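Colleague: Pasting a structure below so you can have a look.
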Amino acid sequence: MRNIILICALCLSGQLLNAQLLPGSKATDFTMVGVQDTMEYRLYDFLDQGKYVILDFFATWCQPCWAYHKEHHLNALNYSNGPGSVINNTRILGIELDGNTTKDELYGIGPTTHGNWVAGSDYPIGDLDKALADKLNYLYDIAYFPTVYIVCPDRTVREIGQLDSLALRQLLATSPECSPKLLHDGALEKISGNLVSCDGSVDFQVSIQNNGFEPIKSFELAILNGQNIISKKSFTDNILTFDTTKQNLIISGNIGSNTLDSVSLSLIVPNDTTHVNDIVKFPIKVYPESSAIDLPYIENFETYTSFGQTNIGYADVKSIDIMDFIDGVNGEFKVTGRNGTKTKALIIRPYYAYVSTETTNIIKNVNTFTNDKYLQFDFDYASSQVLGNQDKLEIVYSTDCGKTWVPVWSKQGSNLATVPQSFADFYPNAASKWRHTTLDMTAAKNHKNLWLGVKFYTDYGNHAFIDNISLTSTNIVSIAELDDVNEYTINTLPTGECKIHWQTPYTGKISLSSIAGNVMNVLNVHSQSEIFLDTSFLPSGMYLITFINNDKFIKSSKIVISN
């Protein structure tokens, strides 16, 4: 019996457990350059001077950020409590934290900004490079914009939200009440690896960060199924503030053949009294061969519920999910499929993911034990590029329960896009915005446990969609003779594809090449009478479609592509 498991593998795919920093956490130091005066501003320099620092983390495309900025509450605070004032106990740093934007957006130039953020701002505003922006996003646990923190001279931090000027002046009129220091605070930061099992065992990795002021010398990790402890292990370490340690955990033979829906991982740190970030729950999916279904495997996501992961990325938005209704009230579908009707589809939200090379799963079991010789994978996809982002989509398969992957198809950036670039959130609302692809998966057949996957590398671009996936097998048939393909039609479609249809089932190859003979695409055909070739990536011009059998050219036809 064969298992086929469909994986959706985001390269930022571990389960991330971030929220805003807890009150009393230690603020990490950083230096930014103000766009107004190109001077350097270091957080700890202000704190060492006994100043309170307001950190306003925002993005130029964020409407609530712009609304708060235009109310000038921080300007008013800078006037009453900032440099040159009588009180002079406060410094304000405005920090644009989307590493993909540029200084132009701060000055109101470009499609990803609401206006000029610099004009009229009396406090420094920084445009960070991507490396520093990503670092501060992580270390300050930014889950949404705007995020406004106050940092006290003792380096403790707490979120204060979007206070108006009166509330800000009242807060800083005298020495504000600072949160007690979190001396001991270990946090589960990320769980990664394959939280699925093929043999009753599972191994994964957990990242633990020290958010407290004191080093973590020792800790324990306990894995529970409900109230039953599956395993417990003690560790010794010396984790300094903001440092992270990674530990590999193995549950060997303790799972059995049933899915565990209430697994929890508990972090135990001596003297840690803050437990909100010490526990995480997740399911472990188990797929024994006995549960596999027969080919053909067809999934259109209309009733699909078998996600094998919890939230990935930000806590309030999944970076991979089923896209169905605009909202839960009127029940109106937001996506139109390749057949022109409203539909559900798999949505990938690159912006809500963190870059990583790990795998998370949406899973289906398929029994591919068959005498058929060929496997074929079909799917529809739609994507929009934004600001030159290089998001990458791959089709991959695994024969070792997801430990290693073999790519069989890949598109990236503009080659992946099925519509022109757009800054607006992309949702395919017409059949023409989809592409269809057929892949020869024969190299992946005859394995005891085959997983088939969609792997996505994020560059924080626009949405991508997958729909109408199918895995089918076919027997070897007699090879078509020359005359067997003498009646065929070739049509270029508005979807950016070339549809080729012929009368007699044909086994061989069909190639797409330039007039000069440069091959653009080759598709293996097994007892088929119709295929779709993706031509959306080609410049407009004349091309050749050629039928090939036993490495001999059978017939060729010219086509004109207009993209």
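The sequence shown begins at 3 in the numbering used here and counts up one residue at a time.
All C-beta atoms in this analysis are idealised placements derived from N, C-alpha and C, irrespective of residue type, glycine included.
These figures come from a predicted structure and were not determined experimentally.
Have a look at E499, I547, Y142 and V524 and flag the residue whose alpha-carbon is nearest the alpha-carbon of A29.
Modeller: Locating residue 29 in the sequence shown gives position 27, where the first residue counts as 1. Among E499, I547, Y142 and V524, the Cα nearest to that of A29 belongs to Y142.
Colleague: To the nearest whole angstrom, what separates the beta carbons of F425 and V337, a pair I think is in contact under 8 Å?
Modeller: In the sequence shown, the residue the question calls residue 425 occupies position 423. In the sequence shown, the residue the question calls residue 337 occupies position 335. Contact doesn't hold; Cβ gap of about 19 Å is too wide.
Colleague: How many angstroms separate the CA atom of Y125 from the CA atom of A133?
Modeller: For the purposes of this step, residue 125 is taken as the residue at position 123 of the sequence shown. For the purposes of this step, residue 133 is taken as the residue at position 131 of the sequence shown. If you take the alpha carbons of Y125 and A133, they lie about 23 Å apart.
Colleague: Hey, E98 and F48 are a contact pair by Cβ (cut 8 Å); roughly how many whole angstroms apart?
Modeller: Numbered from its first residue, the sequence shown carries residue 98 at position 96. Numbered from its first residue, the sequence shown carries residue 48 at position 46. With 8 Å as the limit, E98 and F48 do not qualify as a contact, their Cβ atoms being about 19 Å apart.
Colleague: Determine the burial state of K435: buried for a count of at least 16 other Cβ atoms within 10 Å of its Cβ, exposed for fewer.
Modeller: Mapped onto the sequence shown, residue 435 falls at position 433. Classification for K435: buried.
Colleague: Output the boundary residues of the alpha helix (DSSP H) element that contains Q172.
Modeller: Translated into positions along the sequence shown, residue 172 becomes position 170. Its alpha helix (DSSP H) spans residues S167 to L174.
Colleague: I563 to A433, Cα distance in whole Å?
Modeller: Looking up residue 563 in the sequence shown gives position 561. Looking up residue 433 in the sequence shown gives position 431. Going from the Cα of I563 to the Cα of A433 covers about 19 Å.
Colleague: Let's test the definition: count the other Cβ atoms within 10 Å of the Cβ of G52 and tell me whether it reaches 16, buried, or not, exposed.
Modeller: Here residue 52 refers to the residue found at position 50 of the sequence shown. Under this definition G52 is an exposed residue.
Colleague: Give the straight-line distance between the Cα atoms of S236 and A294, rounded to the nearest whole angstrom.
Modeller: Within the sequence shown, numbered from 1, the residue matching residue 236 stands at position 234. Within the sequence shown, numbered from 1, the residue matching residue 294 stands at position 292. The straight-line gap from Cα to Cα measures roughly 38 Å.
Colleague: From G86 to R93, what distance separates their C-alpha atoms?
Modeller: For the purposes of this step, residue 86 is identified with residue 84 of the sequence shown, where counting begins at 1. For the purposes of this step, residue 93 is identified with residue 91 of the sequence shown, where counting begins at 1. The C-alpha of R93 is placed about 11 Å away from the C-alpha of G86.
Colleague: Around the C-beta of Q172, are 16 or more other C-beta atoms found within 10 angstroms, so that it is buried, or is it exposed?
Modeller: Locating residue 172 in the sequence shown gives position 170, counting from the first residue. The Cβ neighbour count for Q172, taken over all protein chains shown within 10 Å, is under 16; the residue is labelled exposed.
Colleague: Give the DSSP bridge partners of S416, in chain order.
Modeller: Mapped onto the sequence shown, residue 416 falls at position 414. Partner(s): none; S416 has no beta bridge.
Colleague: With H, G and I counted as helix, E and B as strand and the rest as coil, what does DSSP make of W453?
Modeller: Residue 453 sits at position 451 when you count from the first residue of the sequence shown. W453: strand per DSSP, three-state reduction.
Colleague: Check the DSSP bridge columns for Y399 and list the partner residues they point to.
Modeller: Here residue 399 refers to the residue found at position 397 when the sequence shown is read from its first residue. Answer is V408 and L454.
Colleague: Measuring straight from C-alpha to C-alpha, what distance separates Q392 and P409?
Modeller: As a position in the sequence shown, residue 392 is number 390, starting the count at 1. As a position in the sequence shown, residue 409 is number 407, starting the count at 1. Near 18 Å, if we compare the C-alpha coordinates of P409 and Q392.
Colleague: Using alpha carbons as the reference points, say which of K511, G163, P113 and E191 lies closest to P25.
Modeller: Counting from 1 along the sequence shown, the entry for residue 25 is found at position 23. Of the listed residues, the one whose Cα sits closest to P25 is G163.
Colleague: List the DSSP bridge partners of N80.
Modeller: Taking the first residue of the sequence shown as position 1, residue 80 is located at position 78. Paired residue(s): none; N80 is not in a bridge.
Colleague: In three-state DSSP terms, what is L267?
Modeller: Indexing the sequence shown from 1 puts residue 267 at position 265. It is a strand residue.
Colleague: Do D461 and P352 have their C-beta atoms within less than 8 Å of each other?
Modeller: For the purposes of this step, residue 461 is identified with residue 459 of the sequence shown, where counting begins at 1. For the purposes of this step, residue 352 is identified with residue 350 of the sequence shown, where counting begins at 1. Yes, these two residues count as a Cβ contact at 8 Å.
Colleague: Decide yes or no for the touch test of the segment 488-508 against the segment 396-404: beta carbon pairs closer than 8 Å, at least 3 of them.
Modeller: no
Colleague: Suppose only complete runs of 4+ residues qualify. What are the alpha helix (DSSP H) ranges in the segment 98-162, listed by chain order?
Modeller: 105-108 and 132-141
Colleague: Could you tell me how far apart the beta carbons of G214 and L184 are, in whole angstroms, since I believe they sit closer than 8 Å?
Modeller: Counting from one through the sequence shown, the residue named residue 214 turns up at place 212. Counting from one through the sequence shown, the residue named residue 184 turns up at place 182. G214 to L184, Cβ: 5 Å. Contact.
Colleague: Quick check: I350 and H465, are their CB atoms within less than 8 Å of each other?
Modeller: To locate residue 350, count along the sequence shown from 1; it is residue 348. To locate residue 465, count along the sequence shown from 1; it is residue 463. Yes. Within cutoff.
Colleague: CA-CA distance, I481 and E532?
Modeller: Position 479 of the sequence shown, counted from the start, is the residue given in the question as residue 481. Position 530 of the sequence shown, counted from the start, is the residue given in the question as residue 532. Note that I481 scores 31 on pLDDT, short of 50, meaning its location in the model is unreliable and no value can be drawn from it.
Colleague: Is the separation between the beta-carbon of I561 and that of T494 shorter than 8 Å?
Modeller: In the sequence shown, counting from the first residue as 1, residue 561 sits at position 559. In the sequence shown, counting from the first residue as 1, residue 494 sits at position 492. Cβ distance < 8 Å, so I561 and T494 count as in contact.
Colleague: What are the residues that DSSP puts in a beta bridge with Q378?
Modeller: If you number the sequence shown from 1, residue 378 lands on position 376. Bridge pairing for Q378: D442 and T474 [DSSP].
Colleague: Nearest-angstrom Cα distance between V388 and G415?
Modeller: Residue 388 sits at position 386 when you count from the first residue of the sequence shown. Residue 415 sits at position 413 when you count from the first residue of the sequence shown. V388 and G415: Cα-Cα distance of roughly 9 Å.
Colleague: Quick one: what does DSSP say P66 is sitting in, helix, strand or coil?
Modeller: Counted from its first residue, the sequence shown places residue 66 at position 64. Looking at P66 - three-state DSSP - the assignment turns out to be helix.
Colleague: According to the neighbour-count rule (16 or more other Cβ atoms, all chains shown, within 10 Å of its Cβ), is S559 buried or exposed?
Modeller: Numbered from its first residue, the sequence shown carries residue 559 at position 557. Of the other Cβ atoms in all chains shown, fewer than 16 fall within 10 Å of the Cβ of S559; this residue is therefore exposed.
Colleague: Kindly indicate which three-state DSSP category N363 falls into: helix, strand or coil?
Modeller: Indexing the sequence shown from 1 puts residue 363 at position 361. Here N363 scores only 46 on pLDDT, less than 50, and its place in the model should not be relied on; the value that follows carries that caveat. If DSSP states are grouped into helix, strand and coil, N363 belongs with coil.
Colleague: I think P178 touches Y54, with their Cβ atoms under 8 Å apart; what is that distance to the nearest whole Å?
Modeller: Indexing the sequence shown from 1 puts residue 178 at position 176. Indexing the sequence shown from 1 puts residue 54 at position 52. Yes, P178 and Y54 are in contact; Cβ-Cβ is about 6 Å, under 8 Å.
Colleague: Distance, Cα to Cα, Q22 vs F147?
Modeller: Translated into the one-based positions of the sequence shown, residue 22 becomes position 20. Translated into the one-based positions of the sequence shown, residue 147 becomes position 145. Cα to Cα, the separation comes out at about 11 Å.
Colleague: In this structure, what does DSSP give as the bridge partners for N2?
Modeller: Since the displayed the chain opens at 3 and closes at 565, residue 2 lies outside it and no answer follows.
Colleague: First and last residue of the alpha helix (DSSP H) that includes D47?
Modeller: Stepping through the sequence shown from its first residue, residue 47 is reached at position 45. Unbroken alpha helix (DSSP H) run through D47: L45 to D50.
Colleague: For the 8 Å Cβ check, are there 3 or more pairs between the segment 61-70 and the segment 215-223?
Modeller: no
Colleague: Could you tell me how far apart the beta carbons of F379 and M325 are, in whole angstroms, since I believe they sit closer than 8 Å?
Modeller: The sequence position of residue 379 within the sequence shown is 377, counting from 1. The sequence position of residue 325 within the sequence shown is 323, counting from 1. In fact, because the Cβ distance is near 21 Å, the residues do not count as touching under 8 Å.
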